[in-house]
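Below: the structure, in structure tokens.
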Amino acid sequence: MIQTLAFYLFAALVIASAVMVIMARNPVHSVLWLILAFFNAAGLMVLVGAEFIAALMVIVYVGAVAVLFLFVVMMLDIDFAELRAGFIKNFPLGIAIALVLLAELVLGIGAYQAGTLELGVPSGAAAPLLGDSNTASIGAILYRDYIFLFEGAGIILLVAMIGAIVLTHRKRPAGSRSQQDIGKQNRRNPNEATVMKQPQVGEGVEL
Amino acid sequence: MTEFFQSLGMTYELAWFTATIAGILLIAFPLMAAVAMVIYVDRKVWAAINLRRGPNVVGPFGLLQSFADGIKVFLQETIIPSAANKGIFLLAPIITFTVALAAWAVVPFSAEAVLADINIGLLYILAISSLSVYGVVMSGWASNSKYPFFSAMRAAAQMISYEVSIGFIVVCVVLFAGTFNLNDIVRAQEGFGLGVINAYIVHPLLFPMWVMFFISCLAETQRVPFDLTEAESELVAGYQTEYSSMSFALFWLGEYANILLMCILNALLFFGGWLPPIDWAPLYAVPGIVWLLLKTFFFFFLFSWVMATVPRYRYDQLMRLGWKVFLPISLGFVVVISGYLMATGHYG
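As they're listed, the protein sequences go chains A and B. Everything in the first sequence is counted per the numbering used here, starting at 4 for the first residue and increasing by one. Everything in the second sequence is counted per the numbering used here, starting at 7 for the first residue and increasing by one.
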């Protein structure tokens, strides 16, 4: 009972907030609705017994990716009227993409329902491989069965990361004010950095 | 507790539901009282270090000061700036407060006293605490004012930076314990140090991890020396500038609940949680919750101590510490600790 109720609650909220992502007038509101959608999707993951995926979803998507979205969107100066103007122009394209997605969904679920698919994993819901904790199961699959694919994905991410850094890195001229040299700052000591002067009354100080 | 309500003649579902609600209230109300008291402790410790008296007027030794403050903010008017984004402006403190409370669901106060004994407890805490940045960012943006906005930008960058290293440090502990369940992590520490000391901290590979964890906790909860989000000499009061009355108080309560959570996490992950410090039979006669609270308040004292003595970091120093010092060191320690555990046959 509670599970069914929770499922409908999460599912309805995912759909409603996904709709609000594209309906909201303010882009910051869109991102916040997107976050709600992520969060409820994590709730659905918990319901199917994949609590590890749910936690990762919240940590990675809600806790890091969406924060960066929000960060960027908040600082953008977006002209709402201009954004709306493109709607009619892009409408046919949007419909086309939606139809393709729908067709793929129907095809995929239809093929799965036909039941002749050999997926190479036990069918049915969440068959644990090692013990009953799905953290251990995911670890076993990732690091034992698919270790090369996993490391390959890791290397691709590393290359993407280095690429992003190379593209945005600019060398600042040495000695510019924005270049902080922590080592130099830490080496300063009061004896060298400050001078005590005791000027006579009426006389200035020479620096 | 479910069995108790079932014995009163309830069906299982109803008994479970009632037991959960009762459990939530049993955590939330003492937590709020504890928050009020640690705010008092914080001010007293701070005052003592500054050679002042601190709150000493309301109640004996000023003990009721926080409650008086609570009543005061409750009676004030909630002011919403006319240019603010109203919905998000009001939602932000509620999110901060809710998130600060939600994380306590998986905290084991003793071997049995835990609301949700789930096997990803530690990940749950990481997930929930990664949400607390939204309260700050949303309030900063919705206030439609310069200082809160600067504060929100700083908070977003700061909290993400330190979450990364907290994640790696936590992985080190998980490698030793072999589980994400907080209760099992505590149990794994029983007799860890030479069969006598119940704490991970004694291990030479985990001690530096704890030092980094403690500093990251300071940064994550935006305490001095990392309180750049509310740096009063630069940003008025940061993201809280436009807030008043209860909406301000919710930030305040949420902030201290988060600090207590980080203190209790220090105790659970590195100092043996509800286990007595030494594995000696008579010490087990003391209830586990007493040990846990003693350790937690010790860490809270450390937090206050730091607050009273350390000057604020510059923002570039903060970023450098997070990304150029903590991240590489913690990443390196994950590799070293995995290698050590494989070599000693401790795990895998």
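We put the CB at the ideal spot given by N, CA and C, even for glycine. Keep in mind it's a predicted model, so treat the numbers as computed, not measured.
For residue 278 of chain B, the three-state secondary structure derived from DSSP is coil.
Within chain B, the residues whose beta carbon sits less than 7 Å from that of residue 183 of chain A are 322, listed in sequence order.
Judged by DSSP secondary structure, residue 288 of chain B falls outside any alpha helix (DSSP H); it is assigned neither H nor E. Listed in chain order, the positions of the stretch 325–339 of chain B with a beta carbon within less than 8 Å of a beta carbon of chain A are 326. Approximately 5 Å separates the beta-carbon atoms of residue 61 of chain A and residue 45 of chain A; this is inside 8 Å, confirming the contact. Per the DSSP secondary-structure output, residue 199 of chain B pairs in a beta bridge with B/203. Residue 306 of chain B sits close to residue 44 of chain B, with the two beta carbons spaced by under 8 Å.
Residue 261 of chain B is classed as buried because its beta carbon has at least 16 other beta carbons within 10 Å across all chains shown. Put simply, the CB of residue 125 of chain B is near chain A, with a gap under 8 Å to one of its CB atoms. DSSP, reduced to helix, strand and coil, places residue 4 of chain A outside both helices and strands of the structure shown, so it counts as coil. When Cβ-Cβ separations below 8 Å define contact, residue 73 of chain A makes contact with chain B.
Looking at the backbone, the Cα of residue 312 of chain B and that of residue 97 of chain A are separated by about 56 Å. Nearest neighbour of residue 95 of chain B by Cα position, chosen from B/274, B/33 and B/144, turns out to be B/144.
Bounds of the alpha helix (DSSP H) holding residue 36 of chain B are 18–55. DSSP places residue 32 of chain A in the uninterrupted alpha helix (DSSP H) bounded by 30–50. With contacts defined by Cβ atoms closer than 8 Å, residue 270 of chain B and residue 116 of chain B do not form a contacting pair.
Buried is the label assigned to residue 218 of chain B, since at least 16 other Cβ atoms lie within 10 Å of its Cβ. Residue state for residue 229 of chain B is assigned as coil, using DSSP reduced to three classes. Of all residues in the stretch 42–73 of chain A, only 54, 55, 58, 61, 62, 65, 66, 67, 70 and 73 come within less than 7 Å of chain B when Cβ atoms are compared, listed by chain position. In the DSSP assignment, residue 334 of chain B falls within the unbroken alpha helix (DSSP H) covering 333–349. Residue 147 of chain B reaches chain A at 31 and 77, counting residues in chain order whose Cβ is nearer than 7 Å.
Annotated three-state conformation of residue 184 of chain A is coil, per DSSP. Rounded to whole angstroms, the gap between the alpha carbons of residue 120 of chain B and residue 114 of chain B is 4 Å. Under the 10 Å beta carbon count, residue 159 of chain A is surrounded by fewer than 16 other beta carbons and is classified as exposed. Following the DSSP letters along the chain, one finds residue 174 of chain A in no alpha helix (DSSP H), marked with neither H nor E.
Neighbours of residue 166 of chain B across chain A, judged by C-beta separation under 7 Å: 67 and 70.
Within chain B, 19, 22 and 23 have C-beta atoms less than 9 Å from the C-beta of residue 5 of chain A, given in sequence order.
Closest in alpha carbon position to residue 122 of chain B, among B/222, B/167, B/27 and B/303, is B/27. The Cβ of residue 138 of chain A sits closer than 8 Å to at least one Cβ of chain B. Annotation: residue 11 of chain B to residue 24 of chain B spans about 7 Å, alpha carbon to alpha carbon.
Take residue 289 of chain B, set aside five residues on each side of it, and the residues of its chain with a beta-carbon closer than 6 Å to its own are 282, in chain order. Closest by C-alpha distance to residue 189 of chain B, out of B/199, B/175, B/229 and B/277, is B/277. Ranked by Cα distance from residue 329 of chain B, the options B/263, B/164 and B/179 are led by B/164. In this structure, the CA atom of residue 291 of chain B is about 25 Å from the CA atom of residue 37 of chain B. When the beta-carbon positions are compared, residue 266 of chain B and residue 302 of chain B come within less than 8 Å of each other.
Annotated three-state conformation of residue 105 of chain A is helix, per DSSP.
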